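Before any comments, here is the structure.
Residue numbers (the numbering used here): 78 to 249.
Here it is, written out as structure tokens:
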């Protein structure tokens, strides 16, 4: 597994029109979001100690979701990019069933949401009654709209419940 380094940095590549996490001369992670979705850094932005701490937390949390090492690394780096650079968005709660969750949610937590079936997601951030989430599986919403893995959605917390492996296996 990759270990964060003080040499890692976020940079915008104008040729590819993409934000990239530059890790070393041979390795870079192109962020899977378009520039219109992000607050782009004006210049190189260092990978901070807080980024490194979140990196290790995310790897550990994603392991609970039964993801393989490659998936955990991809979603970890994608989540870090979303947390640091994603523009604010309106909530899309009507896409998913109200599951009447009354338990508090916190950042970097696995959750389930329900569209046509149960879907695994990661809470990136929370603020009051809403949470920004990253879909870890493709989803079909209540209105039959298909959402790709890796989509970031802002949802009311009443649409999310803490992840329980047995529940997700039954609904899959």
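Where a beta carbon is used, it is the ideal one built from N, C-alpha and C, also for glycine. Please read all numbers here as calculations on a predicted model, not as lab measurements.
Anticipated Cβ contact below 8 Å, residue i with residue j, distance rounded
i	j	result
residue 129	residue 181	So it is not a contact: roughly 26 Å between Cβ atoms.
residue 184	residue 200	6 Å
residue 220	residue 172	7 Å
residue 79	residue 162	Not a contact, Cβ separation roughly 20 Å.
residue 186	residue 138	7 Å
residue 231	residue 167	7 Å
residue 188	residue 238	6 Å
Through-space distance from residue j to residue i, alpha-carbon basis
i	j	result
residue 236	residue 190	6 Å
residue 141	residue 156	16 Å
residue 109	residue 177	32 Å
residue 94	residue 207	30 Å
residue 198	residue 87	24 Å
residue 203	residue 169	15 Å
residue 250	residue 135	Here the chain covers residues 78 to 249 and nothing more, so residue 250 does not appear.
Local Cβ density within 10 Å of residue i, reported as buried at 16 or more and exposed below that
i	result
residue 213	buried
residue 209	buried
residue 241	exposed
residue 85	buried
residue 258	Within the shown structure, residues of the chain are numbered from 78 to 249, placing residue 258 beyond reach of any answer.
residue 164	exposed
residue 223	exposed
residue 146	exposed
- Task: Decide yes or no for the touch test of the stretch 98-109 against the stretch 146-160: beta carbon pairs closer than 8 Å, at least 3 of them.
- Result: yes
- Quick one: complete beta strand (DSSP E) runs, 3+ long, within the stretch 102-151? 105-107
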